[in-house]
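Chemist: One structure, pasted below without further comment.
Spelled out as structure tokens, the structure:
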């Protein structure tokens, strides 16, 4: 008699599992207890074992597919046994829907038909009509917007909070980014952290950087008196961009069901304007010279204050920098600009006592605090990125390496 | 109620009046015959209820009215429309659904209206026109006028609620309305005695304290005289009257049924045809030497020409402009 | 401005229009000697006499048809139904005659008549006295359907309805008769077919009319104070012809919409509004349109059950939170 192989609950909290690898193929003889496949759960990679003897007649769930616990994944039977009653011809079982059941119906409202299953509809971005219209008007890629409505529906407020997709022309190279599917562990982290701290689970990393050599470098550059004067902020931006190239893990967007890692760096530069804040985007900051950055940031900031920016000039950033140093703020934490995963808050350069080679000396120091979306950036990942930023600022020549 | 026998006695001085009555009956007969043909040719659609056999009722009753009186009818109202003086052309064009019809092709056979002639329409729901007729009478009384409101309906309508509700109010409020029951004995295929616990319709009027009279509806002059008496009561006393006018439909209920077979026999139909109101009135006029054969022939030829002209007019008239589909739903 | 009850505002409208036009008369059960089952016609018999304030037998079909005939003959009848629940007996005359005669006659006849009276539920009157008929009449071309919520609108709309040259179904409410509000002095007319924004807002449009204005406004207040949600409350006032322009403009502004109606859900007014809005404002919608309706049951007698079957502020609040993704 044939045996159904189902996705088993391999951890106490597991609701779904991904078949990462089939260790047996169709037609292979299997015995009860044999490992059939590797399954990634919310906690770890586990083994799915056979609960019967015979031949692995049919693999229902292909590798890489996630199904709910209890779903049929394969059938074991005798070599010549009719297994059609298992209806295994029905290709792939329904993909797992978001566990967000959507808002409950208003109690006394007439309830319509039960929710339509959206299996097979996963490519389609669920968005409200007004969200679609606004995204179209603002050149925002809806697929890149995290939907906060029921079942991940992109609603108006999501588009309002989103940034435009970088125009195709600005993308260098054949692939401007890479979409990496979420692993089970990453999904669980994302869900749990979001549940505990709100839509974007922030954490913060602070480091203090010695700026003596930046000050020297800037003084020397500006002494050349060629072209625009370079600000500390320009140098910081240049370093942040260069470091992000080395740490692509921090140059990313949280996309709800996947993470988008960018190969280019588009820096959002927070600018205070009369009645608020806007973040014009320094596109391809990693490719620009200090002088280009100096000119462009000045232009963007100036037009931002005059409210003359075009939508594409303030949307599409991959990482944001907020500098309150000129306002004498030593240190602060910034709020991430979704769907970006990171933001660097830059404080003032201040003279303060520091210990160098066992001696207390007065040094020019600057504190930076990185806000990280924990769904994308783990503590050590962010810390290593800050190490690079610090290394580069303390040795400005590293920029040109 | 007792039948009132009046010796009409033909008066040569009223020859023109008699000729007019005969001409109208002939017109209705020829018109209905032509309508039946046009229906068979597919030129008229939907329901179509012919009036053949009942001509004396419409013509006799209508002859008693003034131009400012009101008329309300059922869906078997081609004869009433023609007897009221609506041109055969606009009636036929309406049956053909043409823009030149009295209702611009939007009403059809069952919904002929003529506001200028106070012809308040053909109504398609049995009994629906009865309170409307009382409403016209209410308006007359409200304004202190002396018009009457004449309402035609079949005997099958005497069992419906609106009949009773209206008779009660008309009597209670003494409204100048004449309830003219065209008693052709069958409501579609159901004989009066199979539908009504009381087959003397006058009893129903009595129960509301209303005067009633049984009338020979195959006799155009008898119908005329009875209507005159009812009108006098209406104009003078503002009192309603019910007339139980006995008649007979020589054709089926509508175009989709035979004149006989299931609910009545061929013999019965043939027997009643011997009492044809037109033939009877012709004989009276010939016997009384009011008209001669040639005059009658001429009248018939004349109305046949009029009906043929009406058909030609209807055929050549345009369909309503589709742009007018939404017109006439509301008034400004 | 004087403060009047809805009842007295209607009474004023009747009096003023009867003074203005001798063709206007009021007919119905208990309108004259009893002074009106709900006292809307109080004092009118004394003022205008029994020719113009006409008591009828309990015979809805009959006196409705008499009204239609009188209108065809040129009068301007106001037909009072003690409640629209009884008008079911008259609906043949309202629909087959009043609504269709103009069209069937190719426009030869106009039927200037007002059918008025309370519709829908009051309190614990049971199933046969508690039905809302808005969608029944609004379904019929040839009828206009008016459902005012405030004394000022009741007066202004009744006057406009009496002057209108078409049959108007004028839906009042037993629960509205005692409500009070400012009513402008003088010949106050409110045009038929014009909605009114009773409260401005930016986050969601709450559509209502007649009895549902009160729960809609209450919900809007609570939403503003408790949830920071700014609701725009739009009172249709006329159901047919619908003020599509005002409705769509509001939804285009707020992107979300909740419709509150007293009647049953299936084929209700809200169903029609949803159709209109999705066609006219599709690209402006940020959430499915939701409806708060009467429960899909004959009205129960028990007080708690009855309350559960009616639209309430809480049900409106829940629907608004759902469409604004605030749950």
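Residue numbers (the numbering used here), protein chains in the order written: chain A, 413 to 813; chain B, 5 to 336; chain C, 10 to 336. The beta-carbon is built from N, C-alpha and C at its ideal position, and this holds for glycine as well.
1. What's the call for residue 771 (chain A), buried or exposed, on a 16-neighbour Cβ count within 10 Å?
2. Hey, is residue 593 (chain A) close to the ligand SAM, as in C-beta under 7 Å from one of its heavy atoms?
3. Just the chain C side, please: which residues come within less than 9 Å of residue 561 (chain A) by C-beta, in chain order?
4. Establish whether the CB of residue 322 (chain B) and some CB of chain C are separated by less than 8 Å.
5. Going by DSSP in three states, residue 533 (chain A) sits in which element: helix, strand or coil?
6. In the DSSP assignment, find the unbroken beta strand (DSSP E) run with residue 771 (chain A) in it and report its ends.
7. In terms of residue numbering, what span does the alpha helix (DSSP H) encompassing residue 199 (chain C) cover?
8. Would you identify the three-state DSSP class for residue 187 (chain B), choosing helix, strand or coil?
9. Counting only Cβ pairs nearer than 9 Å, list the residues of chain A close to residue 162 (chain C).
10. Between residue 45 (chain C) and residue 121 (chain B), what straight-line distance do the alpha-carbon atoms span, to the nearest angstrom?
11. Would you say residue 333 (chain B) lies against chain C (beta-carbon separation less than 8 Å)?
12. Can you say whether residue 334 (chain C) is buried or exposed, counting buried as having 16 or more other CB atoms within 10 angstroms of its CB?
13. For the segment 149-164 of chain C against the segment 316-331 of chain C, are there 3 or more C-beta pairs whose distance is under 8 Å?
14. May I have the straight-line CA-CA distance separating residue 308 (chain C) from residue 82 (chain B), to the nearest angstrom?
15. Using the Cα positions of residue 24 (chain C) and residue 36 (chain C), report the straight-line distance between them to the nearest angstrom.
16. Let's test the definition: count the other Cβ atoms within 10 Å of the Cβ of residue 175 (chain B) and tell me whether it reaches 16, buried, or not, exposed.
17. Using the rule of at least 16 other Cβ atoms within 10 Å of the residue's Cβ for burial, across every protein chain shown, is residue 43 (chain B) buried or exposed?
18. Let me see if you follow: with CB-CB separation under 8 Å, is residue 81 (chain C) close to chain B or not?
19. So residue 174 (chain C) contacts chain A; which residues on that side make the cut at Cβ distance below 9 Å?
20. Measuring only the C-alpha atoms, how far is residue 180 (chain B) from residue 156 (chain B)?
21. For residue 137 (chain B), which residues from the same chain have a beta carbon less than 6 Å from its beta carbon, with the 5 sequence-adjacent residues on both sides left out?
22. Quick check on the DSSP output: the alpha helix (DSSP H) that includes residue 215 (chain B) runs from which residue to which?
23. Counting only runs of 4+ residues fully inside the segment 695-727 of chain A, write out the alpha helix (DSSP H) ranges in chain order.
24. Kindly indicate if chain C contains any beta-carbon less than 8 Å away from that of residue 327 (chain B).
25. Whether or not the segment 20-33 of chain B and the segment 694-704 of chain A are in contact is what I'm after, with contact meaning three or more pairs of Cβ atoms, one per stretch, closer than 8 Å; do they touch?
26. Which chain C residues are close to residue 165 (chain B), counting only those with a beta carbon under 7 Å from its beta carbon?
27. Counting C-beta neighbours from all protein chains within 10 Å, is the total for residue 752 (chain A) 16 or more, i.e. buried, or is it exposed?
28. Within 10 angstroms of its Cβ, does residue 635 (chain A) collect 16 or more other Cβ (buried), or is it exposed?
29. I want to see whether chain A comes within less than 8 Å of residue 292 (chain C), judged by CB atoms only; does it?
30. What distance in whole Å lies between the Cβ atoms of residue 301 (chain C) and residue 267 (chain C), which are believed to be in contact at a cut-off of 8 Å?
31. Is residue 780 (chain A) closer than 8 Å to residue 661 (chain A) when the C-beta atoms are compared?
32. So which residues on chain B does residue 60 (chain C) lean against when the C-beta distance must stay under 8 Å?
33. Based on Cα-Cα distance, which residue from C:211, C:135, C:170 lies nearest to residue 33 (chain C)?
34. Is the segment 71-89 of chain C touching the segment 117-135 of chain C in the sense that three or more CB pairs, one from each, lie closer than 8 Å?
35. Which full runs of the alpha helix (DSSP H) of 4+ residues lie inside the segment 71-142 of chain B, going along the chain?
36. Could you give the first and the last residue of the continuous alpha helix (DSSP H) run that contains residue 160 (chain C)?
Modeler: Answer, in terms of the structure:
1. exposed
2. Of the ligands one can find in the structure shown there are none, so the ligand SAM has no counterpart to examine.
3. Correct list: 295, 296, 334.
4. No, residue 322 (chain B) does not count as interfacial toward chain C.
5. Low per-residue confidence applies at residue 533 (chain A): pLDDT is 47, beneath 50, and the placement is therefore not dependable, though the value from the model is reported in the following sentence. Note: residue 533 (chain A) maps to coil in three-state DSSP.
6. 771-785
7. In the DSSP annotation of this structure, residue 199 (chain C) is not part of any alpha helix (DSSP H), being labelled neither H nor E.
8. In the displayed model, residue 187 (chain B) falls within a strand according to three-state DSSP.
9. Near residue 162 (chain C) there are no residues of chain A at all, since even the closest Cβ is about 27 Å away, more than 9 Å.
10. 38 Å
11. Interface residue, yes.
12. buried
13. no
14. The C-alpha of residue 308 (chain C) lies about 47 Å from the C-alpha of residue 82 (chain B).
15. Approximately 14 Å, taken between the alpha carbons.
16. buried
17. buried
18. Yes, contact with chain B.
19. The contacting residues do not exist; residue 174 (chain C) stays about 38 Å from chain A at best.
20. 14 Å
21. 76, 153, 155, 181
22. Per DSSP, residue 215 (chain B) belongs to no alpha helix (DSSP H); it is in the beta strand (DSSP E), 215-220.
23. List check, alpha helix (DSSP H) in window: 702-717.
24. False, the Cβ-Cβ gap to chain C never drops below 8 Å.
25. no
26. 70
27. buried
28. exposed
29. yes
30. 6 Å
31. no
32. 146
33. Of the listed residues, the one whose Cα sits closest to residue 33 (chain C) is C:170.
34. yes
35. 82-87, 92-99
36. 160-172 is the span of the alpha helix (DSSP H), which, as asked, contains residue 160 (chain C).
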